[in-house]
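Those protein sequences? They're chains A and B, same order as listed.
For the record, in the first sequence the residue sitting at position 107 is 107 according to our numbering, with numbers rising by one throughout.
For the record, in the second sequence the residue sitting at position 61 is 1061 according to our numbering, with numbers rising by one throughout.
Think of the CB as a built atom: it goes at the ideal place given N, C-alpha and C, for glycine as much as any other residue.
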Amino acid sequence: GAGVSQSPRYKVAKRGQDVALRCDPISGHVSLFWYQQALGQGPEFLTYFQNEAQLDKSGLPSDRFFAERPEGSVSTLKIQRTQQEDSAVYLCASSGRVQLTFYEQYFGPGTRLTVT
Amino acid sequence: SQQGEEDPQALSIQEGENATMNCSYKTSINNLQWYRQNSGRGLVHLILIRSNEREKHSGRLRVTLDTSKKSSSLLITASRAADTASYFCATGRSRLTFGEGTQLTVNP
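Now the structure itself:
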């Protein structure tokens, strides 16, 4: 079946521009996660949705970052007034498990954002 | 911030050799996962080990966990060129906290 898809795959933005990154999770997956991965580093958590509810946004680096999942499926990560330090790969992951023990997360290919 | 560290940061071996990567973490855990990332397939889940397990196998992968030392190791046996990738350990129930990764290069 189809995996997690993200668009665009690459985005170049001029400093100060707003960008919107889209994530289509695996159909039926309840949980959706956004991570930011800087070059040569591991992914870092940004935010987490269970259905349409944003349960944890503690990883968002500033109030310029905003995420939504209004119908509990597709999610959009928006970055306002982009800065050079926002350049990174943005990864989306989804998971179908709601149990309390663990989640195996399925990751999309990522969106590589370059702010010039 | 990263949960822990992988060791070594980079590893280069010949095809057929075994590769061992280590991960240390800071807080108590319920489980620890290993992921692989390469340019072709993105970030892929490899194996999960629960905190009450000491060793787990999956194909050519062997993972150990020592909760007293807050460390885990991933062994890949009989490595192949296709194993070339970055390997990350991750902890957490929902939000995952990743280490900084080990870049493994398997030379044909």
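Three-state class that DSSP yields for residue i in the structure shown
| i | result |
| --- | --- |
| A1019(B) | strand |
| Q84(A) | helix |
| D1066(B) | strand |
| D56(A) | strand |
| A1081(B) | helix |
| Q41(A) | coil |
| K78(A) | strand |
| A1090(B) | strand |
| S1001(B) | Confidence in S1001(B) is poor, its pLDDT being 42 and thus under 50, which makes the residue's placement unreliable; the coordinate value appears in the next sentence. Residue state, collapsed to three classes: coil. |
| H29(A) | coil |
| D24(A) | strand |
Contacts that residue i makes with chain A (C-beta to C-beta distance below 9 angstroms)
| i | result |
| --- | --- |
| G1059(B) | Here the premise fails: no neighbours, minimum Cβ distance about 16 angstroms. |
| L1096(B) | F33, Y35, P43, F45, A93, Y103 and Q105 |
Chain B residues whose Cβ lies nearer than 8 angstroms to that of residue i
| i | result |
| --- | --- |
| D24(A) | Near D24(A) there are no residues of chain B at all, since even the closest Cβ is about 14 angstroms away, more than 8 angstroms. |
| Y48(A) | S1094 and R1095 |
Given residue i as reference, the closest of the options once Cα atoms are compared
| i | options | result |
| --- | --- | --- |
| I79(A) | Y48(A), V12(A), A2(A) and A20(A) | A20(A) |
| R69(A) | Q17(A), G28(A), Q50(A) and Q105(A) | Q50(A) |
Interface residues of chain A facing residue i [CB-CB closer than 8 angstroms]
| i | result |
| --- | --- |
| L1011(B) | Those do not exist, as L1011(B) stays about 15 angstroms from chain A at its closest Cβ, beyond 8 angstroms. |
Whole-number beta carbon distance between residue j and residue i, since they are thought to touch under 8 angstroms
| i | j | result |
| --- | --- | --- |
| V30(A) | G96(A) | 6 angstroms |
| S1076(B) | L1061(B) | Contrary to the premise, residue 1076(B) reads as Ile rather than Ser in this sequence. About 6 angstroms separates the two Cβ atoms, so the contact holds. |
Residues that residue i contacts on chain B, provided the C-beta gap is smaller than 7 angstroms
| i | result |
| --- | --- |
| G110(A) | G1042 |
| D56(A) | R1095 |
Residue-chain proximity (residue i, chain E), Cβ-Cβ < 7 angstroms
| i | result |
| --- | --- |
| N1052(B) | Of the protein chains in the structure, A and B, none is chain E. |
The ligand COA heavy atom lying under 6 angstroms from the CB of residue i
| i | result |
| --- | --- |
| L1046(B) | Questions concerning the ligand COA fall outside what the structure shown contains, since it holds no ligand whatsoever. |
Next item on the list: Give the residues from the segment 1015-1044 of chain B that approach chain A closer than 9 angstroms (Cβ to any Cβ), ordered along the chain.
Entry: N1030, N1031, Q1033, Y1035, Q1037, R1041, G1042, L1043 and V1044
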